[in-house]
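Visitor:
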Amino acid sequence: AGLEKTASVEPASTALVPAPVDIANKLRYLFGRNGDYTVTDAYQGTAWSVREKLIDSFNKTHDHWKEEDPKFIYYLSAEFLMGRSLINTVYNLGLDGEYAEALNQLGYEMEKVADAERDAALGNGGLGRLAACFLDSMATLDLPGWGYGIRYKYGMFKQALKNGYQVELPDIWLTKGNPWELRRDDVKFEVGFGGRVERRKQGNKEVTMWTPSEKVIAQAYDNPIPGFNTPTTSNLRLWDAVPLTEFDLSAFNAGDYDRAMLERERAEGISAVLYPNDSTPEGKELRLKQQYFFVSASLQDVLSRFKAVHGNNFDLLPEKACFQLNDTHPTIAVAELMRLLLDVEGLDWDQVWTISTKCLNYTNHTVMPEALEKWPVKVMAKMLPRHMEIIEVINEGWTKWLAGHLKDLAPEERAKRIAAMSIIHENPWNKDEMLVNMAYLAVVGSSAVNGVAAIHSNIVKDEIFNDFYQIFPSKFQNKTNGVTPRRWLAWCNPELASLITDTLGTSEWINDTEKLAGLRAYASDKAFQVKWAAVKKAKKAKLAELIKKVHGDEVNQDALFDIQIKRIHEYKRQYLNVLSIIWRYKQLKKMSPEERKKAVARVCVIGGKAASAYDMAKRIIRLVTAVGDVINKDPDTKEYLRLYFLPDYNVSLAETIIPAAELSQHISTAGTEASGTSNMKFQMNGCLIIGTWDGANIEIAEETGIDNVFVFGVRAEEINQLRKERKNFKTDPRWDELMRDIEGGMFGDKDYFKPLVDSVNNMKVGNDWFLLANDFASYLKAQEDVDACYKDQSEWLRRSIMYTAGSGKFSSDRTIREYAEDIWHVKPCRPTV
Ligand code: NBX
């Protein structure tokens with residue numbers, strides 16, 4: 038008989054092969070290398086070896102979850118900013134000792150080898166990195182949950198500086214293969230676009246048929262996510278767009294090579310690039326295509342697994358699956374889930390609406406009004422005609438319901454309220470255009486809506502969605518962000534981690550960060566402070582090395598390391614930071630050499646990317662580099678003050694910078710930064726914060742002790758009034774002087790800087806929307822307080838320890854536990870070892 042099936046053979050785990058041999062094997066059989074390895078080889082061999090252990094754990098978890106059939110949470114996100122995987126994987130799996138030893142035998146150091154990995158930069162900033170921290174915590178807490186997103190071929194652009202200006206280069210991250218993913222050739226779904234919608238009678242039922250004019254295949258790639266200190270390894274499933282037919286043969290045979298290639302290009306274009314916009318939407322059609330592409334594939338995937346177990350018992354779906362919409366990017370899920378259940382599964386509208394709203398939840402990440410995504414009805418009707426119909430029906434039902442609900446209002450008032458809450462509304466700037474408001478669709482179509490820090494969730498309730506809050510108060514929640522203490526403390530700062538573990542007598546804090554509070558007892562202990570300071574010093578030396586590598590300068594390692602790293606945005610006010618640095622420079626210039634010796638020396642670092650079309654942000658970068666060029670060369674002051682812009686800020690750079698920071702800046706206009714998450718990472722690493730009463734800064738100050746934080750500036754409640762009065766605001770004379778300096782060409786490029794000056798100083802042109810002038814004086818005062826505190830090193834160290842001790846709340850484990858309990862209703866399900 039012909040052999041159709043292989044006999045069953047139990048594969049042996051490579052865990053049995055000693056790691057050094059396994060690495061050498063990988064290099065020989067996957068890469069054809071026999072000795073004479075480069076560092077990149079060492080990385081590749083190690084990564085491909087570790088991958089197999091990861092897959093063992095992944096398969097075990099998968100089998101267990103299949104067996105148990107628990108409720109799953111699916112985190113739908115257009116962005117996952119994962120960074121590097123090697124260190125995180127070996128540490129989370131507890132293989133660090135074994136692989137460090139193996140690499141030593143081969144003549145390499147783990148840290149250097151890990152440096153050869155490219156970042157997976159499939160995200161812009163906060164929102165994408167939060168999603169990555171959440172995956173780590175979900176796996177660590179044994180929660181059945183997957184991430185779903187897009188496998189961009191080009192991630193976040195690489196930033197370079199040319200003569201001090203930002204230039205963007207493509208992020209080609211997949212050329213050397215990706216050991217952290219598995220292509221699932223058996224998992225693919227068709228996703229359609231365009232075409233027409235028809236209705237046909239089938240028996241006594243009318244069915245709706247959507248015939249798309251264009252189809253692509255979504256191909257699944259799985260990225261295993263190892264939990265820490267648990268056998269659980271969960272999954273991030275990313276979709277790659279490929280053409281329906283490998284090659285249009287008929288076109289090719291007819292000699293039309295171009296047309297044959299066209300379909301491929303069109304399909305691949307969908308998952309080709311990440312849009313590099315942080316906090317502003319991209320109104321391009323391709324963006325909507327990306328959103329629908331990954332949402333449709335993900336929902337089809339979940340439904341197909343559900344059906345394999347539960348058949349058509351869709352009323353059970355909300356007990357088995359829920360979806361978290363990471364901002365509005367995946368909001369088309371509201372219409373797609375309806376469509377799949379209505380048109381494909383043949384359920385009734387009311388039943389489907391109940392199921393769908395039970396399954397979906399929405400997180401808002403920004404208060405910037407321009408960030409609320411709105412798609413022109415025309416665009417949506419053309420690309421997703423059936424979805425547009427569904428959204429229209431949803432909106433009809435919604436506005437009708439509202440009319441009933443608001444029946445006691447005067448007719449005019451009622452009409453006004455309904456118009457204000459309609460999912461489809463006129464474009465206020467163009468009366469001929471109708472828009473679909475994706476945030477309103479998400480609010481109406483979800484069970485829970487949350488903000489990401491206490492103050493932000495209040496703004497969500499009281500301002501952004503106040504009309505909705507008044508009607509559905511219980512829908513609105515707060516889930517203060519968190520970050521994973523594995524990547525952001527234990528793995529990026531092993532020196533501090535060991536000191537903490539030795540001091541607390543346990544490493545349990547890595548899973549239970551509330552235990553860090555035990556450090557409070559040592560905050561004033563001189564012997565402990567000495568050890569604490571030694572770790573910071575070693576980390577500062579590493580950052581100094583990096584500055585040397587990038588800028589060629591040696592910096593004073595005893596100086597205060599003062600850091601601001603985040604996307605460049607007017608509301609984040611890097612500009613205000615630069616102004617205070619210029620002021621400091623001018624003061625130092627005026628001092629005698631003797632006086633200068635008494636000043637606190639600072640090394641200031643600013644890093645972050647500007648969206649490619651964000652002109653003002655690019656000018657801010659140029660101001661930083663121009664000021665740095667002057668200050669860093671000045672023989673009078675360079676011992677006491679430096680300013681460096683570190684290009685290409687990304688996750689792995691953050692892992693070097695944050696442990697070395699002594700002061701970090703979180704100085705957004707009050708009420709504008711939804712939460713911030715780097716503030717939490719700095720806090721964990723014992724870095725003091727200078728910041729406004731905004732986002733999670735407030736909760737960080739509460740946990741750390743408000744007197745330990747350098748808080749300044751106006752409060753969120755005052756902003757509206759101050760904006761109205763800004764043109765009559767009497768600016769500080771020091772501010773006026775700085776404006777004249779920049780305008781007068783003290784840092785060159787004065788024409789280029791003119792719009793920057795005007796944006797905050799010329800009330801005819803700009804209006805200082807983010808109120809830099811209002812906060813300027815109190816910011817300088819707070820900076821003086823910083824200097825005074827730094828001169829008292831014992832006090833500074835006490836505070837530093839208090840920061841780490843107070844960071845327990847900001848573990849993403851806490852955040853995820855809250856989501857699991859209050860929104861998802863998902864329970865841990867740990868595979869047995
Ligand atoms: O999300 C960020 C916020 O700015 C941070 O304060 C917060 O800590 C972080 C995580 O919650 N937001 C962000 O990265 N992006 C957006 O909010 C965004 C929203 C809509 C949009 C594009 C980006 N179209």
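For reference, each letter of the sequence shown is one residue, going 38 to 870 in the UniProt record's numbering.
Glycine included, C-beta positions come from ideal geometry on N, C-alpha and C.
Using a threshold of 8 Å, is the CB atom of Thr729 nearer than that to any non-hydrogen atom of the ligand NBX?
Guide: no
Visitor: Along the chain, where does the alpha helix (DSSP H) that runs through Gln327 open and close?
Guide: Counting along the chain, the alpha helix (DSSP H) containing Gln327 begins and ends at Glu322 to His347.
Visitor: Measure from the alpha carbon of Asn260 to the alpha carbon of each residue in Asn96, Asn765, Ile209 and Pro413, then state which is nearest.
Guide: In terms of Cα proximity to Asn260, the closest of Asn96, Asn765, Ile209 and Pro413 is Asn96.
Visitor: Per DSSP, what are the beta-bridge partners of Gly728 in this structure?
Guide: His703 and Val748
Visitor: What is the rounded straight-line gap between the Cα of His347 and the Cα of Gly69?
Guide: 47 Å
Visitor: Name the two residues that bound the continuous alpha helix (DSSP H) containing Met246.
Guide: Run containing Met246: none in the alpha helix (DSSP H); it sits in the beta strand (DSSP E), Lys242 to Thr248.
Visitor: Run the proximity test for Thr521: is its beta-carbon closer than 8 Å to any non-hydrogen atom belonging to the ligand NBX?
Guide: No, the Cβ of Thr521 stays beyond 8 Å of every heavy atom of the ligand NBX.
Visitor: Distance, Cα to Cα, Trp386 vs Lys576?
Guide: 59 Å
Visitor: Determine the extent of the beta strand (DSSP E) in which Phe109 is found, giving its start and end residues.
Guide: From DSSP, the beta strand (DSSP E) with Phe109 extends over Phe109 to Leu113.
Visitor: Within a Cβ cutoff of 6 Å, which residues of the same chain sit near Arg155, ignoring the five residues on either side of it in sequence?
Guide: Same-chain partners within the cutoff: Trp210.
Visitor: For Glu410, is the beta carbon positioned less than 8 Å from some heavy atom of the ligand NBX?
Guide: yes
Visitor: DSSP has Asn398 in a bridge; who is on the other side?
Guide: Gln361 and Ala485
Visitor: Verify whether the separation of the beta carbon atoms of Ile254 and Pro280 is less than 9 Å.
Guide: yes
Visitor: Any heavy atom of the ligand NBX closer than 8 Å to the CB of Asp364?
Guide: Distances from the CB of Asp364 to the heavy atoms of the ligand NBX include at least one below 8 Å.
Visitor: Who pairs with Phe513 in a beta bridge, going by DSSP?
Guide: Val486
Visitor: Closer than 8 Å: is that where the CB of Val489 sits relative to any heavy atom of the ligand NBX?
Guide: yes
Visitor: If you run the structure through DSSP and keep just helix, strand and coil, what is Glu218?
Guide: coil
Visitor: Reducing DSSP to helix, strand and coil, say where Glu116 ends up.
Guide: coil
Visitor: Spatial neighbours of Lys256 within its chain, please: C-beta separation below 6 Å, excluding the five flanking residues on both sides.
Guide: Reading off the sequence shown, one finds Gln at residue 256, where the question assumed Lys. Around Gln256: Lys225, Asp277 and Val279.
Visitor: For a minimum of 3 consecutive residues, which ranges assigned as the beta strand (DSSP E) are wholly contained in the stretch 259–321?
Guide: 270–280
Visitor: Measuring only from the beta carbon, is Leu374 closer than 8 Å to any heavy atom that is part of the ligand GTP?
Guide: Absence of the ligand GTP from the depicted structure is noted, with the ligand NBX being the only ligands included.
Visitor: At which residues does the alpha helix (DSSP H) containing Lys90 begin and terminate?
Guide: Val76 to Glu105
Visitor: List, from N- to C-terminal side, the beta strand (DSSP E) runs of 3 residues or more that fit wholly inside the stretch 129–201.
Guide: 157–159, 182–187 and 195–199
Visitor: Val870: buried (16+ other C-beta within 10 angstroms of its C-beta) or exposed?
Guide: So Val870 ends up on the exposed side.
Visitor: Check whether the Cβ atoms of Gln514 and Asp850 sit closer than 9 Å, and answer yes or no.
Guide: no
Visitor: Got a sec: does the ligand NBX put a non-hydrogen atom nearer than 8 Å to the Cβ of Thr317?
Guide: yes
Visitor: Report the residue from Arg376, Tyr399, Asn398 and Thr400 whose alpha carbon sits nearest the alpha carbon of Val389.
Guide: Of the listed residues, the one whose Cα sits closest to Val389 is Arg376.
Visitor: Quick one: any contact between the stretch 458–476 and the stretch 510–524, if contact means 3 or more CB pairs under 8 Å?
Guide: no
Visitor: Quick check: what's the CA-CA separation for Arg237 versus Leu384?
Guide: 16 Å
Visitor: At which residue ranges does the stretch 774–812 contain complete alpha helix (DSSP H) runs of 4 or more residues, listed in the order of the chain?
Guide: 787–798
Visitor: Could you tell me whether the stretch 704–717 touches the stretch 485–504, using the rule of 3 or more Cβ pairs below 8 Å?
Guide: yes
Visitor: Got a sec: does the ligand NBX put a non-hydrogen atom nearer than 8 Å to the Cβ of Gly165?
Guide: yes
Visitor: Quickly, what does DSSP pair Ile658 with across the bridge? List them, please.
Guide: Paired residue(s): none; Ile658 is not in a bridge.
Visitor: Does the stretch 579–599 come close enough to the stretch 688–696 to have 3 or more Cβ pairs within less than 8 Å?
Guide: Because the criterion of three Cβ pairs below 8 Å is met, the stretch 579–599 and the stretch 688–696 touch.
Visitor: Using C-beta distances below 6 Å, list every residue in its chain close to Ile369, excluding the 5 sequence neighbours before and after it, in chain order.
Guide: Gln328, Tyr329 and Val332
Visitor: Less than 9 Å between the beta carbons of Glu736 and Ser837, yes or no?
Guide: No, the pair does not count as a contact, with Cβ atoms beyond the cut-off.
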